[in-house]
Structure formats: structure tokens, C-alpha cells
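There are 2 protein chains.
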Amino acid sequence: LKEFPRVAWLSEENVEHIPFSHTRYPEKEMIKRSQEFYELLNKRRSVRFISNEQIPMEVIDNVIKSAGTAPSGAHTEPWTFVIVKDLDVKHKIREIIEEEEEINYLKRMGRQWVTDLKKLRTNWIKEYLDTAPVLILIFKQVHGFAANGKRKVHYYNEISVSIACGILLAALQVCYPLHLAPKREVVLEGQTVALFTNFS
Amino acid sequence: LKEFPRVAWLSEENVEHIPFSHTRYPEKEMIKRSQEFYELLNKRRSVRFISNEQIPMEVIDNVIKSAGTAPSGAHTEPWTFVIVKDLDVKHKIREIIEEEEEINYLKRMGRQWVTDLKKLRTNWIKEYLDTAPVLILIFKQVHGFAANGKRKVHYYNEISVSIACGILLAALQVCYPLHLAPKREVVLEGQTVALFTNFS
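Given below as C-alpha cells:
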């Protein structure tokens, strides 16, 4: 889990130019597409009970590739997606998160926050982290590395990663309308695991 | 622009229960849908030259409603979307942003940041804010109000709003594949205008 390749910043010369292309739909079609997309997304829920059925890895790959099309500050693309399928690793992740979440609920979050969450009936037990066939860990890269090995600032990295998460959720809902719940942070080698476990 | 209705927190009793429903696609269909969605999203660009052609308001409404399906910390839904069509208001917004952006480029951002942006050929001139037929201003609500008028904390408000923005971008790309570029902040009555003007 801890060894991420340090991808050097691509210099502009190495990137092939891809011309902008787009489809302009007739107005009626535009309205229909926007309506259908809304209706589909409006069915999404942040569920805490998740099926253990397998999901094709092509789907996970496409969903992450979709997320990677998100805009980012100065096009730094400050995200790392890690796919976890191994039962033991999933369970270790669950243990780390439950331990941190228990401290959150009992100490860090305060009485008001815990009260606000009461009606959502959430707690620090995350059984679904064992059940789900695949976990997607989402890391924000608070900095990157330039070709010379020096640290490179990633502007607006948290906002950028969150936008990518929004696209990831939309992509999942389009092809696999069932999924996880959002967000807790564990700092790991200057990056951050943004495991979605507190959102609703 | 400055008068937002202060929506009281909905108590759970007032909200009708909507059962969770979902479609499970056969694997082949799942892969196909995820692939097509990726290909569509991969065509999105953060363009700085925008058509002045009108867009049906139903489309804007559906796109914003889609964004509003995003998950949020403790389900606080800490976002406000403001649609601006009036030419004078759009122009005033452009003036405010250009003034702030010029200070950003010349003073606040520092030499490294401005250098990083050079290859993207962006600057503080945002002509497209006049040209676009519709601007969607996105505000994060750093706090809300409880029924008793007291301030209510909005946990993870920036992350929540950014996730909603990701969904908004996806929705736009699905029905109207052309759009704006991301992010600058102007504090306004305890909320924040997150006008996307610095993302790529």
C-alpha cells in the first residue's frame, strides 16, 4: 500500500495535442438527456449495507479513468486511486478506520456532531469494508515531484480530488448503481487516504 | 445576489421515506456503460472560449438538481447554486473576478504558481463570463441555520460542494458538452462564491 510510483511531471512537449471535439444535441434531446441523468443520479444512496457480488475489473478501471478526467488546479491531477481486493488488506483497512472512527465519535467530533449524525444511524462499525468485493482508496497528493526530484505544489488539491470523487460517484451510478459511503482521512507518506465513510 | 433564503434544517419527521431502488445490469452491459461514460467524459475540456448560444433553462435546472444529489457531510447539503443570465450582473461578476484574479496573478500566487500556469496560457481576463448565456455561481455554505435560528455547523462543507461540482460537470457533459473553467473564491455573507476560473 505504501509504495506509490513517483510520476514525474510531464513536460508539455511530451504530450500529444488532442483537438477539442464535442457533440451539440438538439434542444429537445439536451433536455431529455439532462432529465434522464438527473433521474438516474437521484436514485443514488450512500448505503452502509453492500453486496459481496463480484464486479468486473473493467468497470472499476473505467470508473477511475472517468474520475481522472476531472479538472484540477493548474492541471496537476493531484489524485491517486488504489484498488483493494485482497481480503486481508481490506480487513486491515477496516480495522484502522474503525479504530479512528471510534475515537472520532467518542472524542473528536463533539456532542453536536454526533447528535447531528444520530438520525442517519451511522456509527464507527464499517462491516461493508469487509463485504464489498472492491475498495477504491482515494488519496489526495498534497504535493507532487518535478523532473528534478523537487517537491511541486499541488494547488487546490483537496477541491480537485473531491471534484474527481463527484465524477467517480456519477460514473458508478451510471454503470453499477450501488455503492459506498464517504470520507475519513489517514495521512500516509504526505498523501491522504480519503476513504468515504462519513458522508450521506 | 446577496439575499439568500435561510432554509431551516428539515426535521426527519417532515421527510417522506423513499425506498432504495436500483437496477443491476448484466456484466456486459455494465462494462459497456462504464466504457461509454468514460469516453464521453474524456472529451470534456476546460475551455476559455464559450459560445453565446442560448441553452434551455430546463437543462440548467436538471444539471443543478443532479449536482444536488451529491453526498455531503452529515447530509447537510451545504451548497447554493445561483443562476445568472442578466447581462449587467454577468458583467459585474466579470469585473469583480478579473480584479481579484489580476491581484492573484501579480501578487498572491507567487512566481512558481504563475510559471506552472504558463503552459496552460491562462490569465486574469475572463471574457467568457460575458459571453456565456448562463453563469452558475456555486456557493459553499460554511454554516447553516437550525430551526431555532442558531448557527449549524456544516461538516466538510468544501469537500461536499466540490463533490457536487464534479457531478455538475458530469451532468453538463452528458447533455451539453461544452462548458466553463474552474475556481476562485469571493466571500459573501459567510458563504463563498466558488466560481470556477482556475482549473484545467
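Going down the list, the protein sequences come from chains A and B. For what it's worth, our numbering labels the leading residue of the first sequence as 1, then goes sequentially. For what it's worth, our numbering labels the leading residue of the second sequence as 1001, then goes sequentially. All C-beta atoms, glycine included, are put in the ideal place defined by N, C-alpha and C.
Among the residues of its own chain, which have a CB less than 7 Å from the CB of residue i, if the five just before and after it don't count?
i	result
residue 130 of chain A	90, 91, 94
residue 1019 of chain B	none
residue 72 of chain A	78, 160
residue 1218 of chain B	Given that chain B is displayed from residue 1001 to residue 1200, the structure contains no residue 1218 of chain B and the question cannot be resolved.
residue 1025 of chain B	1033
residue 1017 of chain B	none
residue 1149 of chain B	none
Quick check: residue i and residue j, are their CB atoms within less than 9 Å of each other?
i	j	result
residue 41 of chain A	residue 1023 of chain B	no
residue 1052 of chain B	residue 1175 of chain B	no
residue 1117 of chain B	residue 74 of chain A	yes
residue 1134 of chain B	residue 1060 of chain B	yes
residue 1126 of chain B	residue 1103 of chain B	no
residue 1158 of chain B	residue 158 of chain A	yes
Can you give me the Cβ contacts of residue i inside the same chain, cut-off strictly under 6 Å, excluding the 5 residues immediately before and after it?
i	result
residue 179 of chain A	With a pLDDT of 46 at residue 179 of chain A, under the threshold of 50, the modelled position of this residue cannot be trusted, and the question is left open.
residue 1028 of chain B	none
Taking the alpha-carbon of residue i as reference, which of the options has the nearest alpha-carbon?
i	options	result
residue 143 of chain A	A:51, A:153, A:135, A:134	A:153
residue 1021 of chain B	A:16, A:47, A:29	A:47
residue 1156 of chain B	A:149, A:121, A:109	A:109
residue 151 of chain A	B:1099, B:1151, B:1112	B:1112
residue 1145 of chain B	B:1016, B:1066, B:1017, B:1076	B:1076
residue 31 of chain A	B:1031, B:1119, B:1064, B:1016	B:1064
residue 1044 of chain B	A:66, A:25, A:149, A:26	A:66
residue 1128 of chain B	B:1029, B:1049, B:1017	B:1049
residue 88 of chain A	A:149, A:27, A:132, A:107	A:132
Can you name, in chain order, every residue of its own chain whose Cβ lies under 8 Å from the Cβ of residue i, other than the five neighbours on each side?
i	result
residue 1163 of chain B	1070, 1071, 1072
residue 107 of chain A	none
For residue i, return the contacting residues in chain C, with the cut-off set at a CB-CB distance below 9 Å.
i	result
residue 148 of chain A	Looking for chain C here will not work: the only protein chains present are A and B.
Within 8 Å, do at least three Cβ pairs link the stretch 1056 to 1063 of chain B to the stretch 68 to 85 of chain A?
no
If contact is defined by three or more beta carbon pairs under 8 Å, each pair taking one atom from either stretch, is the stretch 131 to 150 of chain A in contact with the stretch 28 to 41 of chain A?
no
Between the stretch 168 to 176 of chain A and the stretch 1164 to 1171 of chain B, are three or more C-beta pairs nearer than 8 Å?
yes
What are the start and end residues of each continuous alpha helix (DSSP H) run of 4 or more residues lying completely inside the stretch 78 to 117 of chain A, in chain order?
87 to 103
Would you mind listing the beta strand (DSSP E) stretches within the stretch 1122 to 1152 of chain B that are 3+ residues and don't spill past its ends, in chain order?
1135 to 1141, 1143 to 1145
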